[in-house]
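Student: Below: one structure in structure tokens.
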Ligand code: ADP
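In this note's numbering, the protein residues as written are 434 to 914.
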């Protein structure tokens with residue numbers, strides 16, 4: 434079985450969040466199950482710079498305003514089609530916006546181009562290659578399925594995966610004429626969305642199957658509270674909606690062999706984490722001490738509940754915990770965290786920025802990771818935390834609720850607890866969980882038990898890859914039938 438994946442991000446070439454980890458790891462896990470995956474990505478300048486030399490396998494004289502070519506290359510064991518379209522992707526800044534964080538004004542054009550090429554490849558534009566299934570990730574790839582439906586490859590089964598429903602790719606109706614879709618596509622069951630064009634909406638409408646990245650989030654997005662305006666559509670497609678929890682790349686995230694740690698360790702030798710804790714203390718200018726270090730590795734946004742951390746920060750410190758925070762995002766939240774660090778020198782350390790290596794060290798050296806998200810489709814940092822013995826303290830939502838067992842009395846007695854969950858995303862509820870964690874930390878046997886149980890949890894891709902294989906097979910059977 435051959436799958437064409439289309440995505441705006443893939444680790445290790447280009448990453449702004451969990452999406453890249455998933456699209457980078459899933460092909461390898463599927464490969465181990467006998468499913469071949471090739472992934473189409475945009476040729477951002479930072480991506481093009483990392484590619485081996487190659488000849489184009491597909492060329493366009495004019496693609497959304499300029500010449501373009503597709504290159505087939507292998508990078509880090511991933512089979513890629515890279516869309517080299519300098520007028521769209523060769524620019525200084527991030528994949529979606531400039532250095533100030535403002536979206537590129539032509540994002541509609543950039544990702545329409547990516548999707549157009551995805552649909553062309555789906556219909557056999559590259560000689561010798563025709564995928565059995567097309568799998569689109571998030572709004573930037575979603576229009577692929579609309580192009581397939583309205584012309585290129587309506588009979589090829591397709592999957593639309595939603596990694597975060599908050600990002601939908603909504604644009605004014607004025608762009609429709611430039612998309613190259615037939616007029617009939619501008620309809621209620623097509624790409625039309627509240628009078629404009631909705632890319633994710635179009636993908637959800639056209640996909641043979643829809644997945645999101647945890648069973649709880651798959652339920653939540655069918656409600657007005659989490660549905661972001663798409664709950665009606667998702668309910669109408671409930672029979673085709675599946676929640677498949679993300680795994681992690683346990684080769685890259687392996688505390689026993691991670692070159693980004695100051696010292697490697699295993700569940701049998703947790704004391705060896707101490708060298709990483711010392712390195713974290715040094716890096717975040719924290720006082721040395723016996724108390725726990727709680728960390729945050731996150732986009733600093735309202736979704737992630739960082740304002741709740743800001744509100745509770747003084748109280749967290751008053752429990753005797755120290756905080757190590759790594760992230761970038763909302764300028765107001767960055768400033769508030771830095772102010773907290775200034776108030777609590779040696780107790781709170783903040784690094785503003787994106788630092789993959791430091792994120793590994795924090796998982797390997799901190800005692801717990803805080804994830805107070807208001808909504809969380811899956812969440813990956815708690816999975817890294819489980820694997821690294823960095824105990825998750827989480828809001829009970831989406832994939833966070835699906836991946837951690839709360840350390841209540843019964844779970845502790847049964848030896849199945851792996852973290853601490855709280856329900857309302859408020860400073861009070863967060864503090865209750867923090868206090869429970871502090872009291873568990875005070876008894877090393879209890880704390881180590883929770884760490885070890887987490888490290889035993891199966892957070893690999895294997896089981897979830899099986900679910901994708903089953904889904905792909907069911908779609909092929911539907912096609913055949
Ligand atoms: P989201 O995709 O919503 O941002 P996830 O938890 O699914 O959230 O994935 C976030 C990914 O990005 C994780 O791999 C996490 O380690 C990483 N990450 C987030 N912020 C930073 C940062 N400032 N530095 C390094 N890695 C980060």
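Just so it is clear, CB atoms sit at the ideal spot from N, CA and C, and this is done for glycine as well.
#1: Once you ignore the five residues that flank residue 523 on each side, which residues in its own chain have a CB closer than 6 Å to its CB?
#2: Using DSSP's beta-bridge definition, name the partner residues of residue 642.
#3: If we ignore side chains and look at the alpha-carbon of each, how far apart do residue 639 and residue 623 end up?
#4: Any contact between the region 894-904 and the region 777-794? By contact I mean 3 or more CB pairs, one from each, below 8 Å.
#5: Kindly indicate the opening and closing residues of the alpha helix (DSSP H) around residue 664.
#6: Starting from the C-beta of residue 442, find all residues in its chain whose C-beta is less than 7 Å away, skip the five residues before and the five after it, and write them out in chain order.
#7: Taking DSSP as the reference, what is the three-state secondary structure of residue 778?
#8: Would you identify the three-state DSSP class for residue 449, choosing helix, strand or coil?
#9: If you compare alpha carbons, which of 445, 492 and 510 is closest to residue 463?
#10: Within the continuous alpha helix (DSSP H) that includes residue 478, where are the two ends?
#11: Along the beta strand (DSSP E) that carries residue 472, what are the first and last residues, could you check?
#12: Does the beta-carbon distance from residue 475 to residue 547 come in below 8 Å?
#13: Below 8 Å on the Cβ atoms is my contact criterion, and I expect residue 887 with residue 851 to pass it. Report the Cβ-Cβ distance as a whole number of Å.
#14: Cβ of residue 726 within 8 Å of Cβ of residue 799?
#15: At a cut-off of 7 Å, would you count residue 792 as near the ligand MN, judging by its Cβ distance to the nearest heavy atom?
#16: Which same chain residues end up closer than 6 Å to residue 803 when comparing Cβ atoms and leaving out the 5 residues on each side of it in sequence?
#17: Rounded to whole angstroms, what is the Cα-Cα separation between residue 752 and residue 598?
#18: Under three-state DSSP, which class holds residue 544?
#19: Taking residue 420 as the reference, which of 466, 501 and 635 has the closest Cα?
#20: Can you tell me which of 719, 678, 876 and 535 puts its alpha carbon nearest to the alpha carbon of residue 782?
#21: For the ligand ADP, any of its heavy atoms closer than 7 Å to the Cβ of residue 571?
#22: Out of 542, 494 and 468, point me to the one whose CA is closest to residue 577's CA.
#23: Consult DSSP for residue 872 and reduce its assignment to one of helix, strand or coil.
#24: Figure out for me which residue from 592, 562, 498 and 895 has the closest Cα to the Cα of residue 440.
#25: Taking residue 590 and residue 437 to be in contact with their CB atoms under 8 Å, please state how far apart those CB atoms are, rounded to whole angstroms.
#26: Does the ligand ADP have a heavy atom nearer than 7 Å to the CB of residue 530?
#27: Taking the alpha-carbon positions, what's the residue 602 to residue 842 distance?
#28: Can residue 551 and residue 574 be called in contact, C-beta distance under 8 Å?
#29: Do you know whose CA, among 892, 778, 866 and 754, lies nearest residue 815's CA?
#30: Looking at C-beta atoms only, is the number of pairs between the region 729-744 and the region 687-695 that lie closer than 8 Å three or more?
#31: May I ask you to report which of helix, strand or coil DSSP gives residue 502?
#32: Is DSSP giving residue 558 helix, strand or coil here?
#33: When we look at the beta-carbon of residue 645 and count the other beta-carbons within 10 Å, is it buried (16 or more) or exposed?
#34: Consider the C-beta atom of residue 823 and the heavy atoms of the ligand ADP; say whether any pair is separated by less than 7 Å.
#35: Taking DSSP as the reference, what is the three-state secondary structure of residue 492?
#36: For residue 586, which residues from the same chain have a beta carbon less than 6 Å from its beta carbon, with the 5 sequence-adjacent residues on both sides left out?
Tutor: The relevant details are as follows:
#1: Same-chain partners within the cutoff: 478.
#2: In the DSSP assignment, the residues bridged to residue 642 are 592.
#3: Taking the straight line from one Cα to the other gives about 7 Å.
#4: By the C-beta criterion, the region 894-904 is judged not to be in contact with the region 777-794, since fewer than 3 inter-stretch pairs fall below 8 Å.
#5: From DSSP, the alpha helix (DSSP H) with residue 664 extends over 664-669.
#6: Counting only Cβ-Cβ distances below 7 Å, and skipping sequence neighbours, we find 448, 449, 452, 453, 456 and 528.
#7: Here DSSP, grouped into helix, strand and coil, assigns residue 778 to coil.
#8: The answer is coil: DSSP assigns residue 449 none of H, G, I, E or B.
#9: Selected option, being the one with the closest Cα: 510.
#10: 478-481 is the span of the alpha helix (DSSP H), which, as asked, contains residue 478.
#11: Annotation for residue 472: the continuous beta strand (DSSP E) segment containing it runs 469-475.
#12: Judged by beta-carbon spacing, residue 547 lies within the 8 Å limit of residue 475, meaning their Cβ atoms are closer than that value.
#13: About 4 Å separates the beta carbons of residue 887 and residue 851, which is inside the 8 Å limit, making them a contact pair.
#14: Residue 799 sits close to residue 726, with the two beta carbons spaced by under 8 Å.
#15: Although the ligand MN was asked about, the structure shown includes only the ligand ADP as ligands.
#16: Result list for residue 803: 727, 729 and 826, in chain order.
#17: Cα to Cα, residue 752 sits roughly 36 Å from residue 598.
#18: Helix.
#19: The structure shown has nothing for residue 420, since the chain only spans 434 to 914.
#20: It is 719.
#21: Not so, every heavy atom of the ligand ADP lies at least 7 Å from the Cβ.
#22: Taking only the C-alpha atoms, the option nearest residue 577 is 542.
#23: In this structure, residue 872 counts as helix in the three-state DSSP scheme.
#24: Of the candidates 592, 562, 498 and 895, the one whose C-alpha sits nearest the C-alpha of residue 440 is 592.
#25: The beta carbons of residue 590 and residue 437 sit about 11 Å from each other, so the pair does not count as a contact at 8 Å.
#26: Every heavy atom of the ligand ADP is 7 Å or more from the Cβ of residue 530, so no.
#27: Going from the Cα of residue 602 to the Cα of residue 842 covers about 45 Å.
#28: Yes. Within cutoff.
#29: Taking only the C-alpha atoms, the option nearest residue 815 is 892.
#30: Judged by Cβ distances under 8 Å, the region 729-744 makes no contact with the region 687-695, as fewer than three pairs qualify.
#31: In this structure, residue 502 counts as strand in the three-state DSSP scheme.
#32: DSSP places residue 558 outside both helix and strand once states are collapsed to three, so it counts as coil.
#33: Residue 645 is buried by the Cβ-count criterion.
#34: No, the Cβ of residue 823 stays beyond 7 Å of every heavy atom of the ligand ADP.
#35: Residue state, collapsed to three classes: strand.
#36: Closer than 6 Å at Cβ, skipping near neighbours: 555 and 556.
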